[in-house]
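Residue 3 is where the sequence shown starts when you use the numbering used here, and the numbers rise one by one after that. Think of the CB as a built atom: it goes at the ideal place given N, C-alpha and C, for glycine as much as any other residue.
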Amino acid sequence: MIGLCLGLAGAVWAEVPTPAFTLAWTHTIEKVRWEEDYRVTPEGLLLGEARVKGSGAGMEIPDGAELREGSWHYQRQLPPLQPLRLGRTPEAGDYQLCFNQRCHLMSEWLGPPQATQPALEIWSCELSSPAVAVGQDEG
3 MIGLCLGLAG
13 AVWAEVPTPA
23 FTLAWTHTIE
33 KVRWEEDYRV
43 TPEGLLLGEA
53 RVKGSGAGME
63 IPDGAELREG
73 SWHYQRQLPP
83 LQPLRLGRTP
93 EAGDYQLCFN
103 QRCHLMSEWL
113 GPPQATQPAL
123 EIWSCELSSP
133 AVAVGQDEG
């Protein structure tokens with residue numbers, strides 16, 4: 003089964019059995035939520051729609067974005083990302099992975115962000131076991 007691997011430099015720290023997810027975070031300066039929807043494919047992570055609640059420092063709204071329900075919605079045409087590299091520090095807070103109608107802090111799988119490990123990569127991978135992800139019902 004294909005799913006999502008979390009780790010760095012190819013070392014898997016955690017596996018999440020989900021075919022799609024939303025990556026969400028709060029901008030460290032502007033304090034607004036940012037969300038990106040991804041599909042997990044054998045080629046990598048395919049970015050679908052993205053949403054941001056406002057603009058500001060380093061958060062320019064892309065051309066063609068539409069304001070709906072208080073957020074700017076837009077899509078970018080990118081090749082599959084394999085891996086997607088994220089900065090993860092205590093000062094910036096934690097990312098959320100949202101799937102199955104629930105959001106989970108990355109710390110549920112990896113522990114809290116640490117200054118000694120300021121980066122994280124996520125990528126599509128063949129899961130090593132049929133583990134049940136946090137928030138999924140067993141059975």
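Helix, strand or coil at residue i [DSSP, three-state]
i, result
"A94", "helix"
"E62", "coil"
"S73", "strand"
"E37", "strand"
"L112", "helix"
"R53", "strand"
"G12", "coil"
"A67", "coil"
"E17", "strand"
"Q119", "strand"
8 Å Cβ shell around residue i - same chain, five flanking residues per side excluded
i, result
"G95", "W27, T28, T30 and P115"
"A16", "C7, L8, G9, W111 and L112"
"V34", "T28, V54, K55, G56, G58 and M61"
Where residue i falls, given that 16 or more other Cβ within 10 Å makes a residue buried
i, result
"G113", "exposed"
"D139", "With a pLDDT of only 38 at D139, under the threshold of 50, the placement of this residue in the model should not be trusted, and no figure is reported."
"R90", "buried"
"A11", "exposed"
"A142", "Here the chain covers residues 3 to 141 and nothing more, so residue 142 does not appear."
Residues of its chain near residue i, where Cβ-Cβ distance is below 6 Å and the 5 sequence neighbours each way are ignored
i, result
"P21", "V42"
"L86", "L47 and I124"
"W74", "V54, I63 and A67"
"D39", "T24, G50 and E51"
Whether residue i touches residue j by CB criterion (8 Å)
i, j, result
"A121", "L99", "no"
"L107", "R78", "no"
"P82", "A117", "no"
Opposing strand residues paired with residue i [DSSP bridges]
i, result
"L129", "Its beta-bridge partners do not exist; DSSP assigns none."
"I4", "E128"
"T24", "D39 and C100"
"H106", "L99"
Chain B contact for residue i (CB, 8 Å cutoff)
i, result
"P85", "Given the protein chain composition of this structure (a single chain), no chain B is represented."
Contact test: residue i Cβ vs the ligand NAP heavy atom, cutoff 7 Å
i, result
"I63", "Looking at this structure, you won't find the ligand NAP or any other ligand, since it has none at all."
Residues of its chain near residue i, where Cβ-Cβ distance is below 7 Å and the 5 sequence neighbours each way are ignored
i, result
"G66", "Y76"
"S126", "I4, L6, V42, T43, P44, G46, L47 and Q84"
"G72", "K55"
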